[in-house]
Structure formats: C-alpha cells, structure tokens
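I have placed the structure first, in the form of structure tokens, so that the comments after it can refer back to it.
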Amino acid sequence: MSNPFVNIDLQPGQRVLLVESTAVNEDMIREVQRWVQTKVGSEQPVDYRTFESLTEAAAGDSALPPATYDWELVQLCDHAPRRHSSEILAKLLLALKPGGRLRLAQVIVSPATNSSSIAMSVEAAQQPANGFVPTPTEDVVLSDLILSGYTDNAVVRSQQLDANSLRMYAAQALADYTMEDKALILQTLITRSVHVVQLSAQKPNYEVGAASALQFGKKRTKKPTETAAPAAKPVWTVSLDDDDGDDEGEEAIDDDDLLAEEDRAKPDAAALARPDDCATKRRACKNCSCGRAEEEEAQDLAKQLAEAEVAVKADPTVQPVVPAPMPKSSCGNCTLGDAFRCSTCPYLGFPAFKPGEQIQLGGNMLKDDIDV
1 MSNPFVNIDL QPGQRVLLVE STAVNEDMIR EVQRWVQTKV GSEQPVDYRT
51 FESLTEAAAG DSALPPATYD WELVQLCDHA PRRHSSEILA KLLLALKPGG
101 RLRLAQVIVS PATNSSSIAM SVEAAQQPAN GFVPTPTEDV VLSDLILSGY
151 TDNAVVRSQQ LDANSLRMYA AQALADYTME DKALILQTLI TRSVHVVQLS
201 AQKPNYEVGA ASALQFGKKR TKKPTETAAP AAKPVWTVSL DDDDGDDEGE
251 EAIDDDDLLA EEDRAKPDAA ALARPDDCAT KRRACKNCSC GRAEEEEAQD
301 LAKQLAEAEV AVKADPTVQP VVPAPMPKSS CGNCTLGDAF RCSTCPYLGF
351 PAFKPGEQIQ LGGNMLKDDI DV
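At position 305 of the sequence shown (counting the first as 1) the number is 305 in the UniProt record's numbering, and the numbers step up by one without a gap.
This is how it looks when you write it as structure tokens:
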C-alpha cells in the first residue's frame with residue numbers, strides 16, 4: 001500500500017505512538033518516525049512500540065502510559081498486518097487522550113456468499129499461540145472497535161492484497177494451524193477477495209470510568225426575581241343577566257323575598273337566656289374520681305327504693321327488685337349470662353341480669369315440689 005499516511009492530520013505539539021510488527025524493515029520505521037517528528041515538532045517525542053510487545057501481557061514494555069497520545073498509528077507500514085484482538089484495542093484506548101484518534105491497518109475478507117466461510121473452516125482447529133485468528137470481515141472489525149469503546153469508526157482506505165502479500169499474510173496467520181486447516185483456509189482466501197483496509201476511530205471526549213449524574217428531567221428552579229405572583233383563586237360567579245337561551249323571559253327569585261318579618265327581627269337577650277327550669281348541675285364524667293359518681297349512685301338508689309315502697313303499698317303482691325351494687329368484674333361479662341362468663345365467675349348459674357339488679361327467687365320457687 002503506497003503512502004499509507006495520507007489524510008492523517010498531525011498538528012504541532014501532539015503526542016504520537018507508532019506500533020509496527022517486527023516484520024517491518026527498521027529503516028522504514030525510522031523514516032516514518034522522522035516524518036512524524038517534522039509534523040509534531042521537536043518538543044514532543046514520537047514513541048514506538050512493537051506489535052508483539054502489546055500481545056505479551058507479562059512483558060514489561062507492553063504497558064502504555066494512560067491518557068497520553070493524541071494519535072496512535074498501528075501497523076500502517078505492514079503489507080500483511082495482524083488482527084487486533086480486543087485486549088490490544090483496550091490497551092490502545094487507555095493510552096489515548098479523551099478525543100484522541102486511532103488509525104490502524106487490518107486484513108479483511110469479503111463476506112461469504114454461501115455457508116463455507118472461514119470461521120466454519122477453522123471451527124475445529126486449535127487456538128493459535130501467537131494471537132492470530134481467522135481473517136475477519138469489515139463488519140466484524142467495526143463491531144470490535146465499537147465494543148472496545150471507540151466512536152466514529154469508519155474505513156478510510158482499502159486495497160486488495162496482491163499475490164506476494166497474500167502469501168506473506170498466510171504464512172504469518174496460519175503458522176500454528178494443521179496442514180489440512182491451512183489448505184482449507186487458503187482455498188477460501190483465494191476464492192474470496194482479501195483486502196488491507198485502514199480504519200479510523202476516536203476515543204470519546206471523556207476518560208474511561210468517568211461518571212456523570214443523570215438529571216431525569218428535573219424542573220429548573222426559578223430565581224427569586226423570577227418568581228411569579230400567586231394567581232388568585234378562581235371564584236364562581238353567577239350573573240343574573242346570563243341565560244342559556246332556553247328560559248327566555250323567566251324571572252329570577254330574589255332571596256330577600258323568601259324571608260318573613262319575624263325572620264328579620266334580631267333576638268333579644270331574654271330569648272337567648274337559659275330557661276328557669278333548666279338543670280344546671282353537671283353529671284359525673286365516665287371516669288369520675290372526685291366522688292360525684294358515688295353521690296349520684298346513692299341518689300338514684302334512694303329514688304328507686306322510694307318508688308318500690310310506693311308500689312308495694314299499692315299492691316302487696318308485687319315483689320320489688322332491690323337494686324344491688326354494680327358487681328366488680330374484671331372481664332365485664334358477668335351480667336350477660338353463662339355463655340359469656342369465665343370459668344371462675346361467681347355468677348355461674350345465675351340468669352342474665354342488668355347492672356345494679358339483685359336476683360331474688362319469689363313465689364313458689366322457694367317451696368319444694370313434693371310435700372312430705
């Protein structure tokens with residue numbers, strides 16, 4: 001691919017990273033470094049890493065400084081660039097500044113027209129040790145960039161591999177496959193179009209791991225000077241002039257005509273005074289503790305005894321019911337009958353009675369049924 005650095009807009013003061021495989025001629029790499037140095041100026045160094053160092057996780061020189069580079073140029077000089085794994089793309093993303101750009105070269109194959117794709121051809125092959133994988137399509141490479149966190153991904157250049165470059169690529173990419181798998185993959189590569197493409201990608205304008213609070217559509221609070229005056233509450237008004245057109249000629253009734261003369265007269269003090277026969281003594285409250293309840297109970301008992309005495313004098317056959325003190329009950333069910341009484345209730349066997357009544361057996365209930 002002739003002049004692979006066309007349309008790469010390098011600016012003075014930018015940091016640039018070059019990544020090439022060891023298969024590229026060293027003189028070509030030094031020439032590219034000098035060209036980049038003239039673009040960015042002598043104040044900024046042009047860093048260089050080998051592609052193999054990025055694939056070796058344990059290597060000391062594989063670590064890239066985070067958020068350092070404005071541009072990363074990866075395998076642009078290689079005629080048969082290797083595939084960039086997701087781990088390599090992640091390392092390159094971390095080394096870019098927010099908004100930094102990535103330009104890389106990748107070998108792709110045209111999509112399969114039938115079921116005999118490269119991925120199916122090597123499905124049973126062992127995973128290679130040097131990081132090579134079957135040749136991807138353009139959609140797969142763009143998807144890898146998106147999943148790695150890049151934006152504005154696009155193919156900017158494309159050139160079909162010649163026979164010499166195709167043999168070089170096959171020798172590198174299929175080094176760890178069996179002869180049977182190599183023959184199957186080579187047959188697919190020959191029958192399908194293989195290209196070297198340059199892809200452009202950009203890191204988002206924020207750092208990896210950045211967080212931002214979501215607003216969720218909160219309403220903007222008004223400043224004190226912008227506070228609107230509270231609106232007056234709506235009042236229902238009815239106009240006598242309003243009509244719906246159905247009651248034409250109907251007169252409205254005046255409210256004052258509904259009042260008589262005695263309704264208009266103001267009450268005097270005598271009418272508002274308490275009647276003379278109105279009792280002014282207050283009754284005991286429910287939880288009385290001042291003694292008024294006992295006093296009222298004694299008065300009521302005396303009144304009942306007087307009424308019973310009058311009834312006995314009038315009819316000697318009347319058996320008076322003498323009021324008894326209210327039984328002290330813990331459950332309050334003693335007067336309701338045996339169905340509601342406790343098992344230890346002293347009133348078991350007694351009929352239900354009203355509070356204050358004393359049960360007495362009168363008449364022939366005290367006599368034996370059998371005369372001896």
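Glycine included, each C-beta is placed from N, C-alpha and C at the ideal position.
The structure presented is a predicted model; accordingly, all values stated were derived computationally and were not measured.
- Note on the segment 8-74: whole beta strand (DSSP E) runs with a minimum of 3 residues are 16-20, 46-50 and 69-74, in chain order.
- For residue 153, the enclosing beta strand (DSSP E) begins and ends at 151-160.
- Boundaries of the alpha helix (DSSP H) around residue 302: 292-314.
- Three or more beta-carbon pairs drawn from the segment 80-92 and the segment 144-163 are found closer than 8 Å, and the two stretches are therefore classed as touching.
- Secondary-structure assignment with DSSP links residue 109 through a beta bridge to 194.
- The DSSP-derived three-state label of residue 91 is helix.
- In the DSSP assignment, residue 145 falls within the unbroken alpha helix (DSSP H) covering 138-148.
- For residue 167, the enclosing alpha helix (DSSP H) starts and ends at 163-173.
- Residue 315 has its alpha-carbon roughly 24 Å from the corresponding atom of residue 356.
- In the DSSP secondary-structure assignment, residue 101 is bridged to 71 and 202.
- Scanning its chain for C-beta atoms nearer than 8 Å, with the 5 sequence neighbours on each side dropped, one finds around residue 296 the residues 283 and 284, in chain order.
- 8 Å or more divides the Cβ of residue 198 from the Cβ of residue 65.
- Where residue 262 is concerned, the enclosing alpha helix (DSSP H) starts and stops at 261-264.
- For residue 142, the closest alpha carbon among the candidates 164, 85 and 207 is that of 85.
- Residue 186 and residue 109 have their C-alpha atoms some 12 Å from each other.
- Boundaries of the alpha helix (DSSP H) around residue 270: 269-272.
- Non-local beta-carbon contacts of residue 144 in its own chain, meaning distances under 8 Å to residues more than five positions away in sequence, involve 84, 86, 89 and 136 in chain order.
- Spanning the alpha carbons of residue 69 and residue 180 requires a straight line of approximately 43 Å.
- Sorting 207, 166, 178 and 7 by C-alpha distance to the C-alpha of residue 193 places 166 at the top.
- The beta carbon of residue 348 is closer than 7 Å to those of 338 and 341 in its chain, skipping five residues each way along the sequence.
- Taking all protein chains shown into account, residue 51 has 16 or more neighbouring C-beta atoms within 10 Å of its C-beta and is therefore buried.
- Look at the beta carbons and you see the segment 37-47 not touching the segment 96-107: under three pairs across the two are nearer than 8 Å.
- Under the 10 Å beta carbon count, residue 78 is surrounded by 16 or more other beta carbons and is classified as buried.
- Within its own chain, the residues whose Cβ lies closer than 6 Å to the Cβ of residue 19, once the five positions on either side in sequence are excluded, are 49, 51 and 74, listed in chain order.
- Secondary structure of residue 357 (DSSP, three-state): strand.
- If you draw a 10 Å sphere on the C-beta of residue 14, you find 16 or more other C-beta atoms in it, and that means buried.
- Across the structure, residue 288 and residue 307 are spaced so that their CA atoms are roughly 27 Å apart.
- Residue burial is scored here from C-beta neighbours: residue 203 has at least 16 other C-beta atoms within 10 angstroms and is therefore classed as buried.
- Nearest in C-alpha terms to residue 54, of all of 346, 286, 22 and 191, is 22.
- Across the set 46, 164, 215 and 81, the C-alpha of 46 shows the shortest separation from the C-alpha of residue 72.
- In the three-state reduction of the DSSP assignment, residue 348 falls in the coil class.
- Look at residue 96 here: in three-state DSSP terms it is strand.
- If the five residues before and after residue 157 are omitted, its C-beta is found closer than 7 Å to the C-beta atoms of 197 and 198, all from its own chain and listed in chain order.
- Looking at 353, 352, 354 and 334, the one whose alpha-carbon comes closest to that of residue 346 is 334.
- Setting aside the 5 residues that flank it on each side, residue 207 is surrounded in the same chain by 67 and 98, each with a C-beta closer than 7 Å to its C-beta; the list follows chain order.
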